[in-house]
Every structure is written in C-alpha cells, then in structure tokens.
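Participant:
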Amino acid sequence: MTATTDTPVRVRFAPSPTGKLHVGGARTAIYNWAFARAMGGTFVLRIEDTDPERSTAENTGIILRAMEWLGLDWDEGPGVGGACGPYFQTERTDTYQAALDQLIAAGAAYPCFCTKEELDAKRKKAEAEEGGYGGYDRTCRALAPEEAAARIAAGEPHVWRLAVPDDHGPVEFEDAVYGHMSFPLDVMDDMILKRTDGTFTYNFAVVCDDVNMAMTHVIRGDDHLSNTPRQVLVYEALGAKVPLFAHLPMILGPDGHKLSKRHGATSVEQFRDEGYLPDALVNFLALIGWSLDGETTIVPPEELCRVFSLDRISKKHGVMDPQKLDWMNGVYLREMDEDAWLAAAAPWIARAEAQGASVDDGAVIVPTPAPGEEAPVRDFGPGCEGWDEAVAAALADIEADPSAYAPVYPLVIERLNRLDEIPAKLEFLFWGAGVRLDEKSVRKVLLKEGARAEEALAACREALAREDVPWEAAALEEACRALAEPLDLKVKSLLQPLRVAVCGNMVSPPLFESIELMEPVDVLARIDAVAAEVFGA
Numbered sequence: 003m004t005a006t007t008d009t010p011v012r013v014r015f016a017p018s019p020t021g022k023l024h025v026g027g028a029r030t031a032i033y034n035w036a037f038a039r040a041m042g043g044t045f046v047l048r049i050e051d052t053d054p055e056r057s058t059a060e061n062t063g064i065i066l067r068a069m070e071w072l073g074l075d076w077d078e079g080p081g082v083g084g085a086c087g088p089y090f091q092t093e094r095t096d097t098y099q100a101a102l103d104q105l106i107a108a109g110a111a112y113p114c115f116c117t118k119e120e121l122d123a124k125r126k127k128a129e130a131e132e133g134g135y136g137g138y139d140r141t142c143r144a145l146a147p148e149e150a151a152a153r154i155a156a157g158e159p160h161v162w163r164l165a166v167p168d169d170h171g172p173v174e175f176e177d178a179v180y181g182h183m184s185f186p187l188d189v190m191d192d193m194i195l196k197r198t199d200g201t202f203t204y205n206f207a208v209v210c211d212d213v214n215m216a217m218t219h220v221i222r223g224d225d226h227l228s229n230t231p232r233q234v235l236v237y238e239a240l241g242a243k244v245p246l247f248a249h250l251p252m253i254l255g256p257d258g259h260k261l262s263k264r265h266g267a268t269s270v271e272q273f274r275d276e277g278y279l280p281d282a283l284v285n286f287l288a289l290i291g292w293s294l295d296g297e298t299t300i301v302p303p304e305e306l307c308r309v310f311s312l313d314r315i316s317k318k319h320g321v322m323d324p325q326k327l328d329w330m331n332g333v334y335l336r337e338m339d340e341d342a343w344l345a346a347a348a349p350w351i352a353r354a355e356a357q358g359a360s361v362d363d364g365a366v367i368v369p370t371p372a373p374g375e376e377a378p379v380r381d382f383g384p385g386c387e388g389w390d391e392a393v394a395a396a397l398a399d400i401e402a403d404p405s406a407y408a409p410v411y412p413l414v415i416e417r418l419n420r421l422d423e424i425p426a427k428l429e430f431l432f433w434g435a436g437v438r439l440d441e442k443s444v445r446k447v448l449l450k451e452g453a454r455a456e457e458a459l460a461a462c463r464e465a466l467a468r469e470d471v472p473w474e475a476a477a478l479e480e481a482c483r484a485l486a487e488p489l490d491l492k493v494k495s496l497l498q499p500l501r502v503a504v505c506g507n508m509v510s511p512p513l514f515e516s517i518e519l520m521e522p523v524d525v526l527a528r529i530d531a532v533a534a535e536v537f538g539a
C-alpha cells in the first residue's frame, strides 16, 4: 500500500552526523524541504546518530548550521521539537524495542543463536559447493519456542531476525522516480533486526522512525534503493502503510565519476567559505536532477517551494558543473541591492582591508606564478599572527559605518561571480602609499618596448596633481584622456601604465572610479614609487 495524495505530506531529512553536510545530502534536504513546502506539508529533520565512533555533537552542529545557512528551515526536529520526538535515534531505542516486541508477539521475529564463525563457514561452503550464497539458511527459525526461550534465559548470545513469510511473493513498491519496482523474494533472507550487543540495525530503526513519525514520502539517494525492499518487509510486518519512495540518482563530477574531493569543494561549508550565496547554491543543487521546464535556470528558493514536484526528477545521474555554479552565483549577486550585497560581502571586504593595510610604502614587484604553480605566499594573510585580529577590526569598521564602504559596490558588482574574489579585486584600495606590482603586468605594460610607458605615467601624474582638477572620477579621467592627442598616444597606451602603477596589475576595477576612493597623496606616492622601482626615476 502506498501513501495517497489526500494524506497530509510528511517528509524527513535524516543525516548521519559522521562528517560535514555534502552536496548530495544537501540536495536531498532541498528536495524534501521544497516538496513539503509545495504540498503544504511538514518537513522533519531527524539525526541518525547511531554510529558511536563517528557520530559526534560537533558534526551535528556542523550539519544544523549548514541547513540554517541554506535557509532550509524544518518544522520538527532539533531545536524546534515536535509531537514525534525525540529526533535523535540514540534517544529512540525504546521505540525500536517496542516495535520488536510487537513483531515477536506476532511471530514475525525470532532469535538466532548462530555465531559469526558458523555463519562464515556456511557462507564459505555455499560459495564453494553450491555456486553462490543465498543468505541466512534460517537454521534457528525452526527452533521450538521452548528451546529458544531456554537458551535466551541461559544467557546465550543471540540476534533477532525478521521472519520473512515463505509465501510472500516479490517485494514491490512504488518509486516516484523509477516507477513500479519489484524484487524477487529469494534474494531476501531473514535480516537481523537487533544485534547481540543490543543495538538495532539501520533497516529496522529507520522504518520504526518513519512509521512513528508518520512519513508519507521517503525522498533519498538511490544508494538506499537496495535497502528499500528489506524495509518494505518491515513495514508489512508491522502492519504499517508503506510510504511513496523517491530515490535520487547520485551527483557526479564533471568527469563523469563519483563526486569527490578531487573535484573541488564538496561540502556546504566549503561552498560558503568560497563565497557562494545560499540561495544560489540551493538553486544550483535543485537543478542537478530536477527541472522546472527544461529551460529555466534561475529558480529562487521561494519559487522552488511553490513549483517543486517529484515527477520532474530525472532518472539520470546529475553532473556538478562548477562553471555553471559560478555563473549562477554571479546572477544572484547582481540581483542584490547595495545594502544586501554589502552585508554579504563585508567579511571579504574586511579581508581585503586587512591584507591591503599590511603593504609597506613603496613598490614591490611580485613574481607571476608559472602555469600550474601556486601564487607566491603573501607576507600577511590567513594563519599569520595578527591576521584574525586585523580582519575583525576591519569588519567592525565596516559594520560601524557601512556607507563609507558602499562605493566599492559599483566597482566590482559586474565583475564578480563569487564573494571570495573580492580581496584580490579590492585589496589595492587599502595599500595606502604602497603598491604590489604583478610581474607579468610590469613586463607587458611598463617595460613593453616602444610603449613609452614612463612618459605616459609621468604625464598622468602631472594631470592628477593639478589643483584645478576636482578629485572626482569624471574630472580626473577627462584630464588624463586629454593628454593622449598632445603626446600622440592611444588612450589605452596612456592609461594602462597608470592602471598598473595604481592598482598593481593591468586587470582591475574601473580605474578612475577607484582612484576617486583613494587619497590623492597615496595615488601620487604609488606613481612615484613605481617610477623609481621600474624606471629608476
């Protein structure tokens, strides 16, 4: 029996706190959340913390914070409560025992006293002589109840197994992604429900939880597909309604292989720290395996919660495309107003200020890394003594007077795909009288044969130093551009040396808009320092 459409929708996301929330799990959470919202249902967060060695409170905290950052609010679960709690499996052992007692009373579960050594020997013999292992041979299922009770009373170690009905027939269930599924019964042995150490198996505990929490749909990765027929047998043994399943194809890397660390960021935390917006990441992950109409790519979370449906999930494996994510994140960034952008960008602007403030007066030429090489290590940055304090101080300045930093918004907003690109793009604004010159830019612009870069730079300095020219972008640009004709230089040849001298490289935000934000004395000092360092002037 499957969940019907007139049943109030209840879905759950049930992560194991054995590590960070990775994108596959995040997408599963997004689909459950969006489906619950679209159907006017309930989204439950349940923590499956039964792995004693790997499940930690720290990992639980990481997962909860990742969910909150993504904006995936839950209706029941940790920190929220609810009528079906507790929402940690380690606190629900009594419910599993009650369900087992129900099965025992109905004759649907029995004790098994076979040792691991005995089972291993049977497996080895079957594989060698019978061409394959067909699962547990049900030796203990034939024990008389009196004998089984006596052995338990004597303290003999045992597990409890599910008594799968001999006349059951194929195990069948409905899947919203793969359609009607059928598994032959002969591949289902009498699985263990409770181990000798008193702990309950995943396939039993998860069904007990889903039954007691009245789940109508189970939306999860297709790595659980092989577990589903076994779980269906438990639902049936408990006399419970089988939910509608939706198994999600896995997410692959750009090379078509299983997503892993070699493909870059894989956890929600990493994407956050690389400057992605939560709404953009939710939109991006939702489209890996689901589509609105096959064409629409920007589906904000609030729209996703209105239009999401299970029938639009693809059977094909989804592919993680970092370039598409960068593009999509850029779209979301450019749709933000100035205040919202500044609030989101503040931590990265603070990094730019802390890094820039560490640059000494004068000019330093920084070697350009060869292809495949890492950039030179900075003198001051993450991990250095005083870095955290410098960033915190800069962030406090931004929060105290955000309007003072608002002018950086138009400088970079059209050139930004990720927030973590901000420090490299804006650091030069905070150098003061110092400048870090990119070696490649020095070679291709300032030292280019026949470019007359020294002459162009000197002329621009003179124009910028004029007292009759207001320190405003338009006026400064007009004064410098006017030099092109008298000097018989193209505008690009005139202004590119100035860009390198002031910003450190030949690719930077709008030049004169940037100069307007800096102190005149610092701009002139940079030009002088570059002339001395590069031309010996």
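In terms of the working numbering, the sequence shown is residues 3 to 539.
Beta carbons are placed, not taken as given, at the ideal position from N, Cα and C, and that holds for glycine.
Along the alpha helix (DSSP H) that carries Asp-96, what are the first and last residues, could you check?
Facilitator: Counting along the chain, the alpha helix (DSSP H) containing Asp-96 begins and ends at 95-107.
Participant: Are the stretch 284-302 and the stretch 210-229 touching, with three or more C-beta to C-beta distances below 8 angstroms?
Facilitator: No, because fewer than three Cβ pairs between the stretch 284-302 and the stretch 210-229 fall closer than 8 angstroms, the two stretches do not touch.
Participant: In whole angstroms, what is the alpha-carbon distance linking Leu-306 and Phe-37?
Facilitator: Their backbone Cα atoms lie some 9 angstroms apart in a straight line.
Participant: Exposed or buried, which one is Thr-299 when buried takes at least 16 other CB atoms within 10 Å?
Facilitator: Exposed: under 16 other Cβ atoms inside 10 Å.
Participant: Using beta-carbon positions only, say whether Tyr-180 and His-249 come within less than 8 angstroms of one another.
Facilitator: Going by C-beta atoms, Tyr-180 is nearer than 8 angstroms to His-249.
Participant: Is it buried or exposed for Ser-311, if we count other Cβ within 10 angstroms and need 16 for buried?
Facilitator: Exposed, by the Cβ-count rule.
Participant: Let's see if you can read the secondary structure: which residues bound the beta strand (DSSP E) around Pro-113?
Facilitator: Where Pro-113 is concerned, the enclosing beta strand (DSSP E) stretches over 111-114.
Participant: Could you tell me whether the Cβ of Pro-404 comes closer than 8 angstroms to any Cβ of chain B?
Facilitator: Reference to chain B is not applicable here, since this structure consists of a single protein chain.
Participant: Considering only their Cβ atoms, is the gap separating Arg-336 from Ile-415 smaller than 8 angstroms?
Facilitator: The answer is yes: Cβ separation under 8 angstroms.
Participant: Taking a contact to mean a Cβ-Cβ separation below 8 angstroms, would you say Met-322 touches Ile-290 in this structure?
Facilitator: Cβ atoms of Met-322 and Ile-290: closer than 8 angstroms.
Participant: For Thr-268, name the three-state secondary structure that DSSP assigns.
Facilitator: Note: Thr-268 maps to coil in three-state DSSP.
Participant: What did DSSP end up calling Trp-162 once you bin it into helix, strand or coil?
Facilitator: Three-state result, Trp-162: strand.
Participant: Going by beta carbon distance, what residues of the same chain come within less than 8 angstroms of Val-532, once the five residues before and after it are set aside?
Facilitator: So the qualifying residues of the chain are Ala-365, Val-437, Leu-439, Leu-448, Leu-459, Val-502 and Ala-503.
Participant: Given a threshold of 16 other Cβ atoms within 10 Å of its Cβ, counted over all protein chains shown, does Leu-235 qualify as buried or as exposed?
Facilitator: The residue is buried, with at least 16 neighbouring Cβ atoms inside 10 Å.
Participant: Select from Gly-27, Glu-376 and Ser-293 the residue whose C-alpha is nearest the C-alpha of Ile-315.
Facilitator: Measuring from the Cα of Ile-315, the nearest candidate turns out to be Ser-293.
Participant: For Ala-16, collect the residues of the same chain with a Cβ closer than 6 angstroms to its Cβ; drop the 5 residues on either side in sequence, then sort them by chain order.
Facilitator: Cβ within range, chain order: Arg-48 and Glu-50.
Participant: Quick one: grab the DSSP three-state call for Arg-14.
Facilitator: In the structure shown, Arg-14 sits in a strand (DSSP, three-state: E or B).
Participant: For Gly-374, which residues from the same chain have a beta carbon less than 6 angstroms from its beta carbon, with the 5 sequence-adjacent residues on both sides left out?
Facilitator: So no residue of the chain qualifies.
Participant: Select from Ala-477, Leu-496 and Glu-480 the residue whose C-alpha is nearest the C-alpha of Ala-486.
Facilitator: Measuring from the Cα of Ala-486, the nearest candidate turns out to be Leu-496.
Participant: Using only CA atoms, which one of Leu-72, Gly-434, Ile-194 and Thr-95 lies nearest to Ala-111?
Facilitator: Nearest C-alpha to Ala-111: Ile-194.
Participant: Helix, strand or coil for Met-217? Go by DSSP, reduced to three states.
Facilitator: Met-217: coil per DSSP, three-state reduction.
Participant: Taking the C-alpha atoms as reference points, what is the distance between Met-520 and Phe-514?
Facilitator: C-alpha separation (whole angstroms): 10 angstroms.
Participant: Between Leu-421, Asp-77 and Pro-303, which lies nearest to Pro-349 when the distance is taken from Cα to Cα?
Facilitator: Considering only alpha carbons, the answer is Leu-421.
Participant: For the ligand FMN, is there any heavy atom lying closer than 7 angstroms to the beta carbon of Ala-356?
Facilitator: With respect to small molecules bound, the structure shown includes none, and the ligand FMN cannot be examined in it.
Participant: Looking at the unbroken beta strand (DSSP E) that takes in Val-437, where does it start and where does it end?
Facilitator: Note, Val-437: beta strand (DSSP E), 436-440.
Participant: Going by other Cβ atoms of all chains shown within 10 Å of its Cβ, with 16 needed for buried, is Leu-489 buried or exposed?
Facilitator: It counts as exposed.
Participant: When you compare only the Cα positions, how much space is there between Leu-145 and Lys-243?
Facilitator: The alpha-carbon atoms of Leu-145 and Lys-243 are separated by roughly 31 angstroms.
Participant: Please report how far the alpha carbon of Ala-356 lies from the alpha carbon of Ala-392, in whole angstroms.
Facilitator: Looking at the two C-alpha atoms, the distance is approximately 5 angstroms.
Participant: Could you check where the alpha helix (DSSP H) with Leu-235 kicks off and where it finishes?
Facilitator: Segment 230-240, the alpha helix (DSSP H) holding Leu-235.
Participant: Going by C-alpha distance, which of Arg-222, Lys-118 and Arg-353 is nearest Ala-178?
Facilitator: Comparing Cα-Cα distances from Ala-178 to each of Arg-222, Lys-118 and Arg-353, the minimum goes to Arg-222.
Participant: Where do the ends of the alpha helix (DSSP H) carrying Phe-37 lie?
Facilitator: Counting along the chain, the alpha helix (DSSP H) containing Phe-37 begins and ends at 25-40.
Participant: In angstroms with no decimal places, state the Cα-to-Cα distance between Gly-42 and Met-183.
Facilitator: Approximately 28 angstroms, taken between the alpha carbons.
Participant: Leaving out the 5 sequence neighbours to the left and right, which residues in its chain are closer than 7 angstroms to Cys-116 when beta-carbon positions are compared?
Facilitator: Closer than 7 angstroms at the Cβ level, and outside the excluded window around Cys-116, lie Thr-141 and Cys-142.
Participant: Is DSSP giving Ala-151 helix, strand or coil here?
Facilitator: Helix.
Participant: Does Leu-335 come out as helix, strand or coil in the three-state DSSP assignment?
Facilitator: DSSP places Leu-335 in helix when its eight states are reduced to three.
Participant: Under three-state DSSP, which class holds Thr-4?
Facilitator: Confidence at Thr-4 is low in this model, with a pLDDT of 39, below 50, so the placement of that residue is unreliable and no value is reported for it.
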